[in-house]
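Quick notes on the structure that follows.
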Amino acid sequence: MHPKYTAEAEAYREKVQAFLAEKLPTNWGGIGKLDGQELVDFVTEWRKTLYAAGYLAPGWPVAYGGGGLSALEQVIIGEEFAKAGVPTGGPNDVFGIQMLGNTLLQWGSDEQKAHYLPRILSGDDVW
10 MHPKYTAEAE
20 AYREKVQAFL
30 AEKLPTNWGG
40 IGKLDGQELV
50 DFVTEWRKTL
60 YAAGYLAPGW
70 PVAYGGGGLS
80 ALEQVIIGEE
90 FAKAGVPTGG
100 PNDVFGIQML
110 GNTLLQWGSD
120 EQKAHYLPRI
130 LSGDDVW
């Protein structure tokens with residue numbers, strides 16, 4: 010299946026591609042080419058880069074440090090990151106962002122959201 014994207018979606022894709030071209034090393038061959046400390050260092054710095062750009066939790070509200078992006082924009086990010094061979098976060102983010110963070114977004118109090126969500130994304134709290 011080959012979905013057809015709107016012109017606006019393709020323009021957003023170009024924005025994501027430009028981000029990757031700017032932020033990745035010119036000789037980038039994908040995360041699979043890294044090992045040991047080089048891998049740890051890359052993932053640590055890449056997570057900071059994603060956080061600064063709003064790509065670490067692209068669907069979360071901007072008020073909590075997310076990107077505030079639509080579902081389609083998130084799909085495009087996933088596609089382009091996969092093509093580039095880069096992770097969408099760090100090793101603890103599957104639990105911290107996807108499980109705990111999304112649970113707080115759905116069922117947490119306003120106070121819990123305001124306290125924990127920005128700290129999860131910044132890396133101040135690791136779950």
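Its first residue numbered 10, the sequence shown is counted upward by one per residue in the numbering used here. Quick reminder that beta carbons are idealized off the backbone N, C-alpha and C, glycines included.
- prompt: Thinking C-alpha only, which one of L81, K122, L130 is nearest P12?
  reply: L81
Under 7 Å between C-beta atoms of W69 and L109: no
message: Can you determine whether any heavy atom of the ligand GTP sits closer than 6 Å to the C-beta of K32, and answer yes or no?
response: This structure simply doesn't include the ligand GTP, nor any ligand for that matter.
message: Within 10 Å of its beta-carbon, does T97 have 16 or more other beta-carbons around it, so buried, or fewer, so exposed?
response: buried
Segment contact, 8 Å Cβ cut-off, at least three pairs: the segment 85 to 92 with the segment 30 to 40: no
query: Can you find at least 3 beta carbon pairs, one from the segment 109 to 121 and one from the segment 56 to 64, that sit closer than 8 Å?
result: no
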